[in-house]
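Here is the structure we will look at.
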Amino acid sequence: MSSPNILAKSRIAVLGYGSQGRAHALNLRDSGLDVVVGLRPNGPTWHKAKADGFKVAEPAEAVKGADLVAVLTPDMVQPALYKEAIEPNLKPGAALLFAHGFNVHFGQIVPRADVDVILVAPKGPGALVRSEYERGRGVPCIWAVHQDVSGQAEAKTKGYADGIGGGRAMLIKTDFKEETETDLFGEQAVLCGGASELVIKGFETLVEAGYQPEIAYYEVMHELKLIVDLFYEGGLAKMLQFVSETAQYGDYVSGPRVVDAGVKARMKEVLADIQDGTFARNWTAEYAAGLPNYNRLKQADLAHPIEQVGAKLRAQMPWLQPSAPKTVVEPLKKAG
Numbered sequence: 047m048s049s050p051n052i053l054a055k056s057r058i059a060v061l062g063y064g065s066q067g068r069a070h071a072l073n074l075r076d077s078g079l080d081v082v083v084g085l086r087p088n089g090p091t092w093h094k095a096k097a098d099g100f101k102v103a104e105p106a107e108a109v110k111g112a113d114l115v116a117v118l119t120p121d122m123v124q125p126a127l128y129k130e131a132i133e134p135n136l137k138p139g140a141a142l143l144f145a146h147g148f149n150v151h152f153g154q155i156v157p158r159a160d161v162d163v164i165l166v167a168p169k170g171p172g173a174l175v176r177s178e179y180e181r182g183r184g185v186p187c188i189w190a191v192h193q194d195v196s197g198q199a200e201a202k203t204k205g206y207a208d209g210i211g212g213g214r215a216m217l218i219k220t221d222f223k224e225e226t227e228t229d230l231f232g233e234q235a236v237l238c239g240g241a242s243e244l245v246i247k248g249f250e251t252l253v254e255a256g257y258q259p260e261i262a263y264y265e266v267m268h269e270l271k272l273i274v275d276l277f278y279e280g281g282l283a284k285m286l287q288f289v290s291e292t293a294q295y296g297d298y299v300s301g302p303r304v305v306d307a308g309v310k311a312r313m314k315e316v317l318a319d320i321q322d323g324t325f326a327r328n329w330t331a332e333y334a335a336g337l338p339n340y341n342r343l344k345q346a347d348l349a350h351p352i353e354q355v356g357a358k359l360r361a362q363m364p365w366l367q368p369s370a371p372k373t374v375v376e377p378l379k380k381a382g
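Residue numbers (this note's numbering): 47 to 382.
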């Protein structure tokens with residue numbers, strides 16, 4: 047890990063104190079850097095940051111004295127936050143840092159011409175970013191420089207990445223376009239949209255063929271974790287090593303029948319919608335309208351029979367039951 051000395055005498059304002067915001071702030075502070083957290087007053091995260099020992103200020107005040115501002119709030123909150131709190135108060139030559147390039151890449155935020163614009167994105171959830179740092183290790187980060195006014199934007203970017211522990215692992219250079227478009231594609235085509243629909247269609251196929259819903263759930267949803275964990279730990283090779291020869295043969299002959307060239311062609315259509323801004327425009331309009339389609343589609347997923355069957359089966363799996371109260375997921379509401 048290289049030293050984040052370039053930021054040693056800088057003040058860093060972390061705006062947002064969710065999973066990533068809290069991990070970044072704690073790691074930066076433990077790296078010896080000066081951190082202030084910018085939040086709306088008297089909310090739950092305000093009190094959490096206070097309890098963690100941070101100086102906490104309203105976003106505009108936090109930005110005023112900062113040499114680097116890390117914008118770690120949800121994507122759709124950022125444009126208003128930038129306009130109201132960041133743009134009027136960010137001093138010339140300071141750095142504006144994002145963990146996702148969505149708003150800058152798609153023009154929802156147009157940074158001032160007199161500031162550095164950079165990106166550091168850990169490739170792991172906030173809890174892992176924090177726990178790996180505490181173990182003396184780190185989570186790999188991707189980084190980018192979009193605008194270099196000071197002539198030190200790259201050094202600031204790497205200094206920040208080092209400060210959260212990324213330099214202990216791996217730093218991979220990218221740009222805002224690549225980070226944004228690949229991140230959205232992965233979510234939509236594979237990780238969230240693709241995986242969810244694959245599971246649902248598999249469940250429906252078995253149930254419609256007369257098999258018990260409980261058995262179908264185990265085969266297409268519950269056991270998916272076993273395979274994903276093997277992918278995560280050792281790629282396709284480890285998965286193939288640890289499943290039966292029968293499963294391997296089925297993989298080879300049936301996988302391409304399900305996910306065929308037509309699926310790849312439709313993936314390219316999804317990617318094209320991301321690249322040309324169609325998805326961003328649609329999502330921005332949906333958010334501005336109060337999320338009617340978002341909430342309708344979400345509720346349809348939550349009402350699917352696989353959810354009822356899964357809840358019943360998971361209730362009989364004590365190893366899945368946390369000691370803490372369960373989190374209730376509410377429909378997303380427009381901020382403000």
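Virtual Cβ for every residue (Gly too), placed ideally from N, Cα, C.
DSSP, read as helix, strand or coil, puts P368 in coil. With 16 or more neighbouring CB atoms inside 10 Å of its own CB, S77 falls in the buried class.
Beta-carbon to beta-carbon, I210 and P168 are separated by about 7 Å, close enough to satisfy the 8 Å threshold.
Counting only residues of its own chain and dropping the five nearest sequence neighbours on each side, N339 has a CB closer than 8 Å to the CB of E332.
DSSP, read as helix, strand or coil, puts D160 in coil. Leaving aside the five residues that flank L317 on each side, the residues in its chain whose CB is nearer than 6 Å to its CB run, in chain order, F231. Contact check for Y263 against G356 passes: the beta carbons are separated by less than 8 Å. Proximity to L217 across V245, P186 and L244 peaks at P186, based on C-alpha coordinates. Minimum Cα-Cα distance from D160 among the listed residues F152, D113 and V166 corresponds to D113.
Annotated three-state conformation of D319 is helix, per DSSP. Residues of the same chain with a CB within less than 6 Å of the CB of R57, apart from the 5 flanking positions on each side, are D80, G111, A112 and D113 in chain order. Counting only runs of 4+ residues, the alpha helix (DSSP H) found wholly inside the segment 137 to 184 occupies 148 to 151 and 172 to 180, in chain order. Given a length threshold of 4 residues, each whole run of the alpha helix (DSSP H) inside the segment 306 to 362 is given here in chain order: 307 to 321, 324 to 334, 338 to 348 and 351 to 360. Around the beta-carbon of T292, fewer than 16 other beta-carbon atoms lie within 10 Å, marking it exposed. For D98, the three-state secondary structure derived from DSSP is coil. Closest option to F144, judged by alpha-carbon separation, among R181, G213 and G62: G62.
For H268, no beta strand (DSSP E) run applies, since DSSP gives it neither H nor E. About 16 Å separates the beta carbons of A97 and V82, which is beyond the 8 Å limit, so they are not a contact pair.
Of the residues assessed, A255 falls on the exposed side of the cut-off, its CB having fewer than 16 other CB atoms within 10 angstroms. About 5 Å separates the Cβ atoms of Q66 and L118, confirming a contact at the 8 Å cut-off.
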